[in-house]
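Chemist:
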Amino acid sequence: MGEDYKGTSLGSFKDKASSEDIDALIRETLEESKKVESAPKKEEKAAGFKATPISIEPRSAPRPAAPKKAIPAPQEGQAEEVGYEATFRSYKPGDIVKGTVVKVDPSGVLVDINYKSDGFIPPAELSDRSFNNINELIKVGDKIDVLIEKLEDKEGYIVLSKRKADYEKKWRTAFEAYKSRHPIEATVTSAVKGGLVVDYNGIRGFIPASQVSKETEEPIESFVGKTIPIKIIEINRRQGKVVMSHKMAAGEKQRVDSHKIFDELEVGQVRHGSVTSIKNFGAFVDIGGVEGLIHLTELSWKRVNHPSDLLKVGQELDVFILGVDKEARKVALGLKELEPDPWVKAMEIYKPGDIVKAKIARFVKFGAFAELEGNLEGLIHISEISDKPITKPEDVIAVGDVVDVKVLKVIPEEQKIGLSIKEAKKDAERKELKEFKQTEEKKSVTIGDAIKEKEKSSAAKASEDKQNKSQ
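First residue of the sequence shown: 5, per this note's numbering; consecutive thereafter.
1. Just how far apart, CA to CA, sit F373 and G422?
2. Shortest alpha-carbon distance to G229 belongs to which of A362, Q319, L200, I239?
3. Taking A402 as the reference, give the member of P416, A362, A432, A428 with the closest Cα.
4. Could you pull the start and end residues of the alpha helix (DSSP H) that D170 belongs to?
5. Drop a sphere of 10 angstroms on the beta-carbon of Q319, count the other beta-carbons inside from all chains shown, and report buried for 16 or more, exposed for fewer.
6. Measure from the alpha carbon of T2 to the alpha carbon of each residue in D170, G198, K456, K235, then state which is nearest.
7. Only counting runs of 4 or more residues, tell me where the alpha helix (DSSP H) segments fall wholly within the segment 311–383, in order along the chain.
8. Using the Cβ count rule (16 or more neighbours within 10 Å means buried), how would you classify H186?
9. Could you tell me which whole alpha helix (DSSP H) segments of length 4 or greater appear in the segment 212–283?
10. Would you list the one or two residues that DSSP bridges to T191?
11. From what residue to what residue does the beta strand (DSSP E) around S387 run?
12. For D146, which residues of its own chain have a beta-carbon under 7 Å away from its beta-carbon, when the five flanking residues on both sides are left out?
13. Note down, in chain order, each residue of its chain lying with its Cβ closer than 8 Å to the Cβ of K154, except the 5 sequence neighbours on either side.
14. List the residues that DSSP assigns as beta-bridge partners of T104.
15. Roughly how many angstroms separate the alpha carbons of T193 and V323, rounded to a whole number?
16. Determine, using beta-carbon pairs with one atom in the segment 120–135 and one in the segment 165–179, whether at least three such pairs fall under 8 Å.
17. Thinking R480 and F266 are a contact (beta carbons under 8 Å), I'd like their distance in whole angstroms, please.
18. Thinking C-alpha only, which one of L337, Y119, K306, K174 is nearest A287?
19. Starting from I415, follow its DSSP beta bridges and name the residues at the other end.
20. Looking at D99 and I152, is the spacing between their C-beta atoms short of 8 Å?
21. Could you say if the segment 265–281 and the segment 349–361 meet the contact criterion of at least three C-beta pairs nearer than 8 Å?
22. Would you say S214 and A254 are within 8 Å of each other, going by their C-beta atoms?
23. Taking 6 Å as the limit between beta carbons, can you name the residues of its chain near S249, skipping five residues before and five after?
24. Terminal residues of the continuous beta strand (DSSP E) containing E295?
25. So for I125, helix, strand or coil by DSSP?
26. What are the residues that DSSP puts in a beta bridge with A287?
27. Using 8 Å as the threshold, is the segment 379–387 in touch with the segment 435–443, meaning 3 or more CB pairs across them?
28. Leaving aside the five residues before and after P346 along the sequence, list all residues of the same chain whose C-beta is less than 6 Å from its C-beta, in chain order.
29. Would you list the one or two residues that DSSP bridges to K410?
30. Between E222 and V274, what straight-line distance do the alpha-carbon atoms span, to the nearest angstrom?
31. So, under 8 Å CB-CB, L359 and D290 are touching, yes? Tell me the CB distance rounded to an integer number of Å.
32. Can you tell me the Cα-Cα spacing of H427 and D313, whole angstroms?
33. Mind checking K102: buried by the 16 CB within 10 Å criterion, or exposed?
34. Output the distance between the C-alpha atoms of V406 and G272, rounded to the nearest integer angstrom.
35. Could you pull out every residue in the same chain whose Cβ sits closer than 7 Å to the Cβ of I394, ignoring the five residues on either side in sequence?
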């Protein structure tokens, strides 16, 4: 057998007895040993009863031995050993397998993993988070992933861990995300000097400050508590190190979102957005991952000198979709389209010859624009500002001045109203002159009547005096 067993040497007996004597001695010895084994102990005979072993109960009831599962009989022509092996899968410690919960009680959870005996999960191996009742986490019939720690304990159960299986799966998922470079989402738990600490499915990760996508003035602390897109750029499970990038994921997510939004955009829609930048020719507005342009002429029904007169970066507003170019990936937006077109009723409000009030809004080389009631605007040409020749409108008027103007023309289809300060003044002068003449005429008639009345009164008095003298 390859093992060095040492026993009684029979060589010393050969000089004293024959081999028959030796065989008889061996048989006699065996018979005596059988009698000793079968005989009751002296203490038991003396006491007159059979000794009973003392049973010491443990503090908690031990788990019953694992019942062996019934093995189906092998099919005809199939060897018994082959049938047995085909019935159950082959597992080893460290494997993560799927199982069905068959029993839940305070001592743990039994799980059927399609093996010759059920697996057992101790309460401490159910979850990393604390719980008061096992039923809060799991119930009979649940399909779960478990990690095999030991193929058989002293009760015959397979020792399992759901907690370690979950943790293993998280790392595998993280590693797959790292290899594929797919964006995932993580929750920011805190901000530190060098960046952000995040939680990804229970795995702690770090985003360096240089990899955080944010506005220049935006504090890094503003991300705490938010769920943000990230990409894993470095992973080391042995050191428990996971480095992530917010910038890379945010940029990719924005591209994906923009494709989706472009497919949904249609002319005539109203979208909510925020102003991202302001240029001389208009303002750019983010409408959910896609930037569109509100041209200067589409900001208001009034003429606007610069977009900053109406808008500021970060301002939220509704915009009207004027056009969508999916090939060039451009979107034209409008702001004034969300308000009634004042030019529709311009002819009803203003007619040539009307004298109205206007507020000087801004100057141009060829004149000045003035605001009118009804959200309209008119142009006062430089030649219509003063009777005297001028080179600059601001030599005569100032922005903010409220002046009387005469409506010269109204062209709604061209969104034009011609105004004149000069003609308004002339009309005012003509009116004043007319009123003066009328006043003067009234004054001259009154004096003549007064003289006549005075002469008549004087004549009456002289006649009366004459009569008094004659008497």
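All residues carry an ideal CB built from backbone N, CA and C; glycine is no exception.
Modeler: Checking against the coordinates, here is how it stands:
1. Residue numbering aside, residue 373 sits at position 369 when the sequence shown is read from its first letter. Residue numbering aside, residue 422 sits at position 418 when the sequence shown is read from its first letter. Rounded to the nearest angstrom, the two C-alpha atoms are 10 Å apart.
2. Stepping through the sequence shown from its first residue, residue 229 is reached at position 225. Nearest of A362, Q319, L200, I239 to G229, Cα basis: L200.
3. Locating residue 402 in the sequence shown gives position 398, where the first residue counts as 1. Nearest option by C-alpha distance: A362.
4. Position 166 of the sequence shown, counted from the first residue, corresponds to residue 170. Start and end: 166–184.
5. Taking the first residue of the sequence shown as 1, we reach residue 319 at position 315. With fewer than 16 other Cβ atoms within 10 Å, it is exposed.
6. Beyond the ends of the chain as shown, which are 5 and 475, falls residue 2; an answer cannot be given.
7. 350–353
8. Walking along the sequence shown from the start, residue 186 turns up at place 182. When all chains shown are included, H186 counts as exposed.
9. 250–268
10. Against the sequence shown, residue 191 aligns to sequence position 187. Paired residue(s): D203, T231.
11. In the sequence shown, the residue the question calls residue 387 occupies position 383. Unbroken run through S387: none, as it is neither H nor E.
12. Along the sequence shown, read from residue 1 onward, the residue named residue 146 stands at position 142. V105, listed in sequence order.
13. Residue mapping note: residue 154 aligns to position 150 of the sequence shown, counting from 1. Excluding residues within five positions, the ones whose Cβ falls inside 8 Å are P97, I162, V163.
14. Locating residue 104 in the sequence shown gives position 100, counting from the first residue. In the DSSP output, where bridge partners are listed per residue, T104 has D116, K147.
15. Counting from one through the sequence shown, the residue named residue 193 turns up at place 189. Counting from one through the sequence shown, the residue named residue 323 turns up at place 319. The straight-line gap from Cα to Cα measures roughly 36 Å.
16. yes
17. The structure shown does not extend to residue 480, since the chain spans only 5 to 475, so no value can be given for it.
18. Working through the sequence shown from its first residue, we reach residue 287 at position 283. Ranking the options by Cα distance to A287, first place goes to L337.
19. On the sequence shown, position 411 is the one that residue 415 refers to. According to DSSP, which records beta bridges pairwise, I415 is partnered with K420.
20. Counting from one through the sequence shown, the residue named residue 152 turns up at place 148. Counting from one through the sequence shown, the residue named residue 99 turns up at place 95. Yes, they are a contact pair.
21. no
22. For the purposes of this step, residue 214 is taken as the residue at position 210 of the sequence shown. For the purposes of this step, residue 254 is taken as the residue at position 250 of the sequence shown. Cβ distance not < 8 Å, so S214 and A254 don't count as in contact.
23. Position 245 of the sequence shown holds residue 249. Counting only Cβ-Cβ distances below 6 Å, and skipping sequence neighbours, we find Q215, K235, I237.
24. Here residue 295 refers to the residue found at position 291 when the sequence shown is read from its first residue. Segment 295–299, the beta strand (DSSP E) holding E295.
25. The count along the sequence shown starts at 1 and reaches residue 125 at position 121. Looking at I125 - three-state DSSP - the assignment turns out to be strand.
26. Sequence index remark: in the sequence shown, residue 287 carries index 283 (1-based). According to DSSP, A287 bridges with I282, I298.
27. no
28. Locating residue 346 in the sequence shown gives position 342, where the first residue counts as 1. W305, G378, N379, L380.
29. Here the question's residue 410 lines up with position 406 in the sequence shown. Paired residues: I359, S424.
30. For this step, residue 222 is matched to residue 218 along the sequence shown. For this step, residue 274 is matched to residue 270 along the sequence shown. So the alpha carbons of these two residues sit roughly 29 Å apart.
31. Indexing the sequence shown from 1 puts residue 359 at position 355. Indexing the sequence shown from 1 puts residue 290 at position 286. The sequence shown places Ile at residue 359, rather than the Leu named in the question. Contact flag wrong, Cβ pair sits at about 47 Å.
32. Mapped onto the sequence shown, residue 427 falls at position 423. Mapped onto the sequence shown, residue 313 falls at position 309. The sequence shown places Glu at residue 427, rather than the His named in the question. Whole-angstrom Cα-Cα distance: 31 Å.
33. Counting from 1 along the sequence shown, the entry for residue 102 is found at position 98. Classification for K102: exposed.
34. What you label residue 406 is simply residue 402 of the sequence shown in a count that begins at 1. What you label residue 272 is simply residue 268 of the sequence shown in a count that begins at 1. Each residue's Cα considered, the two are about 38 Å apart.
35. On the sequence shown, position 390 is the one that residue 394 refers to. Hits under 7 Å: I386, V400.
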